[in-house]
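*Asks:*
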Amino acid sequence: MPNFTIQPPTPAHATLSYPSPHVLLVTLSRPRDLNCINAQGHADLHSVWEWLDEEPSLRVGVLTGQGRAFCAGADLKEWNTRASSSKTTPMPNSGFGGLARRKGKKPVICAVNGICLGGGAEMTINSDIVIAWTGAVFGLPEVKRGVVALAGALPRLVRTVGKQRAMEMALTGRMVGAVEAEKWGLVNSLVDVGKVEKGEAGQEVVAKAVVGKALEVAAEIAGNSPDAVLVSREGLKLGWEGIGADEATVMLNETWVKRLYEGENIKEGLKAFVEKRKPAWADSKL
1 MPNFTIQPPT PAHATLSYPS PHVLLVTLSR PRDLNCINAQ GHADLHSVWE
51 WLDEEPSLRV GVLTGQGRAF CAGADLKEWN TRASSSKTTP MPNSGFGGLA
101 RRKGKKPVIC AVNGICLGGG AEMTINSDIV IAWTGAVFGL PEVKRGVVAL
151 AGALPRLVRT VGKQRAMEMA LTGRMVGAVE AEKWGLVNSL VDVGKVEKGE
201 AGQEVVAKAV VGKALEVAAE IAGNSPDAVL VSREGLKLGW EGIGADEATV
251 MLNETWVKRL YEGENIKEGL KAFVEKRKPA WADSKL
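Residue numbering for the sequence shown is 1 to 286, as defined by full-length UniProt numbering.
1) So S47 and P9 are supposed to be a Cβ contact under 8 Å. How far apart are they, rounded?
2) Thinking C-alpha only, which one of K208, W133, P92, Y18 is nearest L45?
3) On the DSSP letters alone, give me the boundaries of the beta strand (DSSP E) that T64 sits inside.
4) May I ask you to report which of helix, strand or coil DSSP gives G152?
5) So, helix, strand or coil for F96, using DSSP?
6) In this structure, does DSSP put W51 in helix, strand or coil?
7) If you count every other CB in all the chains shown that lies within 10 Å of the CB of A136, and 16 or more means buried, which is it?
8) Of the choices V187, L34, A153, whose alpha-carbon is the least far from that of A111?
9) In or out: Q7 buried (at least 16 other Cβ within 10 Å) or exposed?
10) Please confirm if the segment 197-205 is in contact with the segment 251-262, defined as three or more CB-CB distances below 8 Å between the two stretches.
11) Based on DSSP bridge pairs, tell me the residues matched to W133.
12) Since A151 and F96 should fall inside the 8 Å C-beta cutoff, what is the C-beta to C-beta distance between them, to a whole number of angstroms?
13) Along the chain, where does the beta strand (DSSP E) that runs through L28 open and close?
14) Report the rounded CA-to-CA distance for M167 versus N265, giving the unit in angstroms.
15) Give me the DSSP bridge partner(s) of A74.
16) So the beta strand (DSSP E) S17 belongs to, where does it begin and stop?
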């Protein structure tokens, strides 16, 4: 394990690993339950993403699932038990899996290796980049269970795919294949591994390929100025939340740009360009 300034959390149903410099890989580890997330899981993942933002040496997060699912949504067995009792566990303000309503500072990439439904789909809709296996499926089947996708996906989905496609997903509850999802703009990049064997061997092949592609993208981001990545992401988030372009630009300049120009990474980037060498970025202090 790398030497961290802040010690990592220890989630009950997810594993943390560090496959390359500055990159955190989070793997949901309830394969028998299709990586459904329970109340403890939401709290744990909220802590993980908060740690990603605060740990100076980390720059990018990647989320994937173990087995044949990325995440099939909420733990409906637990939900049913809670519905029949007076005990409730509040959802963190970052939403399902700590990601569906997360704002955060640092980018998170979803490596979708299989089934991605309900809250699982809501996490991908609010993530920064989505890499998916061609055999993966996305869906919001809540209407088939008498519930509603309330983790933040509905208004965000409209902005991504348009009204009619969003209506189709949310009102029919049908599953959308990854190839179609890529055409709609829900997926950035597809990974095709050809014919896949059934069982764990095939799942491992898919996971290795999809996570591998996601880690390539993560490494590319991590190789850039961490300060510039944070500020660029903030500017994009302002547009994503529906703020006008002029207002968002003013807010970005007033809140972040001065800090960017006072930092050491912008000086290093420009100096490296003049000296025709690779920049040696410092961990962000923004």
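Using N, Cα and C, we set each Cβ at its ideal position, and we do this for glycine too.
The structure displayed is predicted, hence computed values, not measured ones.
*Replies:* Taking the geometry as given:
1) Contact holds; Cβ gap of about 4 Å.
2) Comparing Cα-Cα distances from L45 to each of K208, W133, P92, Y18, the minimum goes to P92.
3) From DSSP, the beta strand (DSSP E) with T64 extends over 60-65.
4) Coil.
5) Per DSSP, reduced to three states, the secondary structure at F96 is helical.
6) It is helical.
7) A136 should be labelled buried.
8) Among V187, L34, A153, the Cα nearest to that of A111 belongs to V187.
9) Looking at its Cβ environment, which holds fewer than 16 other Cβ atoms inside 10 Å, Q7 is exposed.
10) No: the two stretches stay apart, fewer than three of their Cβ pairs being nearer than 8 Å.
11) Per DSSP, V191.
12) A Cβ-Cβ distance of about 4 Å is found for the pair A151 and F96, placing them in contact under the 8 Å criterion.
13) For L28, the enclosing beta strand (DSSP E) covers residues 23-28.
14) Here the C-alpha atom of M167 lies approximately 44 Å from the C-alpha atom of N265.
15) Note: A74 sits in a beta bridge opposite I37.
16) Unbroken beta strand (DSSP E) run through S17: 14-17.
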